[in-house]
Structure formats: C-alpha cells, structure tokens
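Engineer: Protein chains in written order, with the numbering used here: chain A, 19 to 208; chain B, 19 to 208. Where a beta carbon is used, it is the ideal one built from N, C-alpha and C, also for glycine. Below: one structure in structure tokens.
2 protein chains.
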Amino acid sequence: MSDILAAHIRRFVGFTTEEAAMLNNYASTLVVKKKSLLLQEGQVCRHNYFVEKGCLRMFFTDEKGAEQTNQFAIENWWMTDYGSYTNGSPSQFYIQAVEHSSILAFSKSTERELFTALPVLDQYFRRILEKSFGATQWRIRYIFSQSKEERYWHFCSLYPDFIQRIPQYMLASYLGLTPEYVSEIRKKKS
Amino acid sequence: MSDILAAHIRRFVGFTTEEAAMLNNYASTLVVKKKSLLLQEGQVCRHNYFVEKGCLRMFFTDEKGAEQTNQFAIENWWMTDYGSYTNGSPSQFYIQAVEHSSILAFSKSTERELFTALPVLDQYFRRILEKSFGATQWRIRYIFSQSKEERYWHFCSLYPDFIQRIPQYMLASYLGLTPEYVSEIRKKKS
DNA sequence: CGGTCTCTTGACGGAGTTCAAAGCTAGTGG
DNA sequence: CCACTAGCTTTGAACTCCGTCAAGAGACCG
C-alpha cells in the first residue's frame with residue numbers, strides 16, 4: 019500500500035510513520051474497474067472507502083428506474099453511505115467506480131478497534147466531516163439559488179478538469195437536470 | 019447552565035460529571051429572542067452553536083434579495099457555517115433565531131484548548147457529523163427524486179410537530195418552493 | 001466492423017414561478 | 001384589553017423553464 023492516505027491525514031493532524039504502519043493493518047486495497055459496484059441497494063454498507071486513485075460515485079434509482087447521482091469522490095476523498103454504515107440498516111444507494119480505481123476499504127467491524135488504537139483519527143475524521151458538511155451546505159445553496167442553466171455553467175467553471183472525466187449524463191443527474199437539457203444549454207452557448 | 023448538552027453527549031460517548039463541569043467553562047449561554055441574528059453575511063463565523071431550547075435557522079439572500087433557508091436546528095442540534103468557521107473566511111450565510119431560544123455558544127478561539135482538554139469530544143463530534151452528513155445525503159436524494167408537491171407533503175408527514183413551529187414562507191424556502199405554490203398545494207388537497 | 005452506449009434535435013406540455021392585490025393574523029403599544 | 005399595523009397567507013392570471021418523448025447521429029469497445 020502506498021502512503022497516499024497517510025499523506026492526506028498529515029494535512030489535518032500529526033501522524034507518525036508507526037501510526038501509518040498500524041493503519042495499514044486495517045485497510046484492504048481494492049483495485050476495481052470501471053462500472054463495478056462496491057455497494058448495492060438493499061445491502062448494508064459495511065465499509066468506508068478512501069479513493070487513492072480514480073473516481074467513485076454514489077447514486078440511487080428513482081421510481082421510474084432512472085439513475086440519480088448523489089455524490090462523486092475523487093482522489094483523497096472518502097465515501098460511504100453514512101446512514102446505512104452507522105445504523106447497520108439496508109442502503110438505498112449504490113456506490114460505483116466511474117473509472118478504473120484504487121480504493122482503500124475500512125471495515126465497520128474493526129472500526130471500534132481502529133479508533134481505539136489510533137485516537138487521532140477521531141480528530142482527523144471530525145475535520146474531514148466538517149469540510150464535507152461545509153461543502154454540502156454550499157451545494158444546497160447553489161441548488162436553491164441558481165437556475166439549472168446557471169448551475170451547469172457554474173459547475174463547469176469550478177471543476178473544468180473533472181467534467182472531462184465523467185460522461186455527460188452522469189454530470190446531468192448530479193446537477194439535477196436531464197441530458198437533453200444539457201445538450202440544449204451547450205448549443206445555446208456556442 | 020443546565021445539563022442538556024452533557025445528556026446529549028452521553029447518547030454518543032462516555033462522559034463524566036467532571037468532564038461536563040469542564041465543558042461548562044467553554045460555553046456561553048445566549049438567551050436570544052425571535053428574529054435576532056447570531057451571524058450575518060460578511061462576518062466571520064467564530065462560534066459553534068448548540069440549541070438547548072428553541073430553534074435556529076441558517077439562510078442566505080439570493081440575487082433578488084429573497085431569503086432562502088438552508089437549514090434548521092432545533093433542540094439538541096448544532097449549527098455553524100462550517101466553511102467560514104474552519105477557514106476563518108467571511109460567511110455568506112445568516113444564522114437567526116426562529117423562536118425565543120436558549121443557545122450555548124462555543125468559541126473558535128478556545129476550540130483547540132477544549133479538544134485538548136476533552137479529547138472524547140473529537141469522537142462525539144465525529145459521530146454527530148456522520149449523522150448530519152447522512153441526513154444531508156437523504157435531503158439531496160429527496161430534492162432530486164420528488165416533485166415539489168411531493169416534497170412538501172413528505173416533509174409534513176416526517177415532521178408534523180415542527181411545521182407548527184415555523185411560518186409557512188420559511189418552510190417554503192427550505193423546501194425550495196414559493197409561498198404561493200404552497201398555498202396552491204394546500205388548497206388542492208382540501 | 002457491428003452493436004451498444006451516449007449525445008443531440010426538435011416539438012410539445014405542464015409543473016411551478018412571477019406579479020399584483022386583497023384578506024388574514026398576531027404582536028405591540030396605548 | 002382593544003385597536004392598529006406590519007407581516008404573513010391566499011388568489012388568480014399570465015408566463016416560462018425545463019422535462020418528456022421519439023428518433024437520429026456519433027462514439028466507443030470488443
């Protein structure tokens with residue numbers, strides 16, 4: 019296992035080489051290819067995933083069977099269905115690799131032991147979650163204050179590199195608009 | 019100061035009476051009346067607020083000057099603008115009392131000291147934030163899978179007591195619809 | 001190359017907004 | 001305790017953004 023995660027942790031808290039070595043014992047590396055599923059609707063989400071390389075997305079299917087993307091996670095992001103993970107209840111979401119990816123999986127079953135062994139992780143995750151939650155506050159702000167067209171162009175300007183990595187229809191569902199309307203928007207501009 | 023917060027902490031982690039006493043040293047109790055502002059747009063958010071009694075909301079004003087409610091916090095919820103709080107950047111949000119409320123304020127300036135003195139709080143906040151983040155995942159799910167009418171009735175069925183406590187127009191802006199449309203929906207049903 | 005995803009186009013319809021004005025309610029001061 | 005006023009809610013008509021549907025054009029992968 020590489021030191022990508024340890025490096026990320028050190029951006030938030032002090033973390034020694036010994037601690038990093040201990041952390042390794044709790045992680046499984048998953049090399050997954052495009053489109054493979056790490057979690058399916060109905061399963062209990064028993065892992066917290068860290069993206070070393072590649073990209074994951076979380077999505078669900080609405081009553082018409084259409085896939086709605088909820089979140090993306092690229093390098094150095096964590097992803098799990100917290101509702102299912104913490105309560106042990108069946109998940110209503112899917113987690114899928116958008117690209118060929120390298121993922122670290124931490125199991126819920128050893129979580130207690132892990133945090134006891136490395137209490138500094140409590141602080142690390144507190145910080146990470148604060149950041150994620152802050153990002154979500156902004157996301158909701160944008161959803162409610164921008165038209166769908168504005169939302170699209172705004173996202174493109176914020177993440178010009180990322181939009182190259184994902185198909186149009188996935189971005190559309192993440193932003194809450196239809197692929198057809200994205201086409202129309204793009205045509206208008208040119 | 020009452021023991022409302024200590025009781026809440028004990029729902030997630032072990033917490034002694036001595037620890038609770040120590041925690042008290044870091045909290046200021048604010049008794050605020052309806053409509054008073056704890057944070058204004060442009061200010062840096064320097065506090066994390068815990069609602070002992072009453073209700074807070076976070077909102078922003080869109081380019082047309084309309085208020086958009088982002089979040090509510092009732093008894094036993096925390097509220098802050100995490101983006102501003104953690105980065106020290108000016109906030110784009112307001113935090114306002116919806117009702118006459120009793121609030122505990124924890125200052126950013128003593129945060130480091132507080133978490134050093136009571137490391138168990140790292141774990142407590144990690145849990146709280148996991149829960150909040152999970153709730154937000156669900157909120158986004160609902161925003162993208164329900165029509166505005168469904169969203170309204172669904173919220174009413176989930177929080178029948180809460181909707182009694184807030185004016186219609188605040189709920190409307192929280193759900194992303196206009197007060198006029200809420201009227202129309204309600205008329206349709208009866 | 002062949003087949004399956006993905007993206008584009010255009011016509012149509014409807015959910016939900018906007019605007020303006022009237023009706024209602026609750027809080028405040030006298 | 002009442003009356004006044006500011007703020008909240010309702011109504012209705014006009015309008016528009018954006019989804020839906022269906023069909024065709026590319027693009028990518030085996």
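Whose CA, out of A:40, A:74, A:143 and A:84, lies closest to the CA of residue 48 of chain A?
Structural biologist: The count along the first sequence starts at 1 and reaches residue 48 of chain A at position 30. Nearest of A:40, A:74, A:143 and A:84 to residue 48 of chain A, Cα basis: A:74.
Engineer: I need the DSSP call for residue 197 of chain A, collapsed to helix, strand or coil.
Structural biologist: Reading the first sequence from its first residue, position 179 is the one you call residue 197 of chain A. If DSSP states are grouped into helix, strand and coil, residue 197 of chain A belongs with the helices.
Engineer: Does any C-beta atom of chain A lie closer than 8 Å to the C-beta of residue 28 of chain B?
Structural biologist: Position 10 of the second sequence, counted from the first residue, corresponds to residue 28 of chain B. By this cut-off, residue 28 of chain B is not an interface position.
Engineer: Consult DSSP for residue 61 of chain A and reduce its assignment to one of helix, strand or coil.
Structural biologist: Working through the first sequence from its first residue, we reach residue 61 of chain A at position 43. Coil at residue 61 of chain A, not helix or strand.
Engineer: Using a Cβ distance threshold of 8 Å, determine whether the segment 176-189 of chain B contacts the segment 111-128 of chain B, with at least three qualifying pairs required.
Structural biologist: As far as the Cβ criterion goes, the segment 176-189 of chain B touches the segment 111-128 of chain B, which means the pair count is three or higher.
Engineer: Spell out whether any CB of chain B is found under 8 Å from the CB atom of residue 37 of chain A.
Structural biologist: Against the first sequence, residue 37 of chain A aligns to sequence position 19. No, because no Cβ of chain B sits closer than 8 Å to the Cβ of residue 37 of chain A.
Engineer: Using 8 Å as the limit for Cβ to Cβ distance, is residue 42 of chain B near chain A?
Structural biologist: Locating residue 42 of chain B in the second sequence gives position 24, counting from the first residue. Not closer than 8 Å to any Cβ of chain A, the Cβ of residue 42 of chain B fails to qualify, so no.
Engineer: Please list the residues of the segment 152-176 of chain B that have a C-beta atom closer than 7 Å to any C-beta atom in chain A, keeping them in chain order.
Structural biologist: Result list: 152, 154, 155, 156, 158, 159, 161, 162 and 163.
Engineer: Measuring only between beta-carbons, confirm whether residue 88 of chain B sits less than 8 Å from chain A.
Structural biologist: Here residue 88 of chain B corresponds to residue number 70 of the second sequence, with the count starting at 1. Yes, residue 88 of chain B lies at the interface with chain A (some Cβ there is under 8 Å from its Cβ).
Engineer: For residue 156 of chain B, which option in A:137, A:176, A:144 and A:77 has the closest C-alpha, if you only look at C-alpha atoms?
Structural biologist: Counting from 1 along the second sequence, the entry for residue 156 of chain B is found at position 138. Measuring from the Cα of residue 156 of chain B, the nearest candidate turns out to be A:77.
Engineer: Closer than 7 Å between beta carbons: that is the criterion. Which residues of the segment 191-205 of chain B meet it against chain A?
Structural biologist: Residues 194.
Engineer: Mind checking if residue 147 of chain A is an interface residue toward chain B, Cβ cutoff 8 Å exclusive?
Structural biologist: Walking along the first sequence from the start, residue 147 of chain A turns up at place 129. True, the Cβ-Cβ gap to chain B drops below 8 Å.
Engineer: Check the Cβ-Cβ distances between residue 140 of chain A and every residue of chain B, and say whether any is below 8 Å.
Structural biologist: As a position in the first sequence, residue 140 of chain A is number 122, starting the count at 1. Taking Cβ atoms only, chain B reaches closer than 8 Å to residue 140 of chain A, which makes this a yes.
Engineer: From the beta carbon of residue 187 of chain A, is the nearest beta carbon of chain B less than 8 Å away?
Structural biologist: Taking the first residue of the first sequence as position 1, residue 187 of chain A is located at position 169. Chain B, which has no Cβ nearer than 8 Å to the Cβ of residue 187 of chain A, makes this no.
Engineer: Taking C-beta pairs closer than 7 Å, name the residues in chain B that residue 137 of chain A reaches, listed in chain order.
Structural biologist: The sequence position of residue 137 of chain A within the first sequence is 119, counting from 1. Going along chain B in sequence order, the residues near residue 137 of chain A (Cβ under 7 Å) are 137.
Engineer: In chain B, which residues lie less than 8 Å from residue 21 of chain A when you measure between Cβ atoms?
Structural biologist: On the first sequence, residue 21 of chain A is found 3 positions in, with the first residue counted as 1. What residue 21 of chain A touches in chain B: nothing, since even the nearest Cβ is about 23 Å away.
Engineer: Mind pulling the beta strand (DSSP E) runs of 3 or more residues that sit fully within the segment 89-121 of chain B?
Structural biologist: The qualifying runs are 112-115.
Engineer: Measuring CB to CB, does residue 132 of chain B end up less than 8 Å from residue 139 of chain B?
Structural biologist: Your numbering for residue 132 of chain B matches position 114 in the second sequence. Your numbering for residue 139 of chain B matches position 121 in the second sequence. Yes; because the gap between Cβ atoms is below 8 Å, this pair is in contact.
Engineer: Hey, is the segment 168-175 of chain A in contact with the segment 160-170 of chain B, meaning 3+ C-beta pairs nearer than 8 Å?
Structural biologist: Segments in contact, no.
Engineer: Does residue 150 of chain A get closer than 8 Å to chain B when you measure Cβ to Cβ?
Structural biologist: One-based indexing of the first sequence puts residue 150 of chain A at position 132. Yes, because at least one Cβ of chain B sits closer than 8 Å to the Cβ of residue 150 of chain A.
Engineer: Near residue 190 of chain B, what residues of its chain come up, given a Cβ to Cβ distance below 7 Å and the 5 sequence neighbours on each side ignored?
Structural biologist: Position 172 of the second sequence, counted from the first residue, corresponds to residue 190 of chain B. 196, 197 and 200, listed in sequence order.
Engineer: For residue 99 of chain A, count neighbouring C-beta atoms within 10 Å of its own C-beta (all shown protein chains included) and say buried if the count is 16 or more, exposed if not.
Structural biologist: Numbered from its first residue, the first sequence carries residue 99 of chain A at position 81. Residue 99 of chain A comes out buried.
Engineer: In whole angstroms, what separates the C-alpha of residue 127 of chain A from that of residue 103 of chain A?
Structural biologist: Here residue 127 of chain A refers to the residue found at position 109 of the first sequence. Here residue 103 of chain A refers to the residue found at position 85 of the first sequence. Looking at the two C-alpha atoms, the distance is approximately 10 Å.
Engineer: Roughly how many angstroms separate the alpha carbons of residue 179 of chain A and residue 22 of chain A, rounded to a whole number?
Structural biologist: Translated into positions along the first sequence, residue 179 of chain A becomes position 161. Translated into positions along the first sequence, residue 22 of chain A becomes position 4. Computed Cα separation, rounded: 21 Å.
Engineer: By Cβ distance below 6 Å, which residues in the same chain neighbour residue 68 of chain A in space, the five residues on each side in sequence not counted?
Structural biologist: Here residue 68 of chain A is taken as the residue at index 50 of the first sequence, counted from 1. If we look at residue 68 of chain A and ignore the five residues flanking it on each side, its Cβ neighbours are 23, 96 and 122.
Engineer: Kindly give me the distance between the Cβ atoms of residue 145 of chain A and residue 30 of chain A, rounded to whole angstroms, as I take these residues to be in contact under 8 Å.
Structural biologist: Along the first sequence, one-based indexing puts residue 145 of chain A at 127. Along the first sequence, one-based indexing puts residue 30 of chain A at 12. Contact flag correct, Cβ pair sits at about 5 Å.
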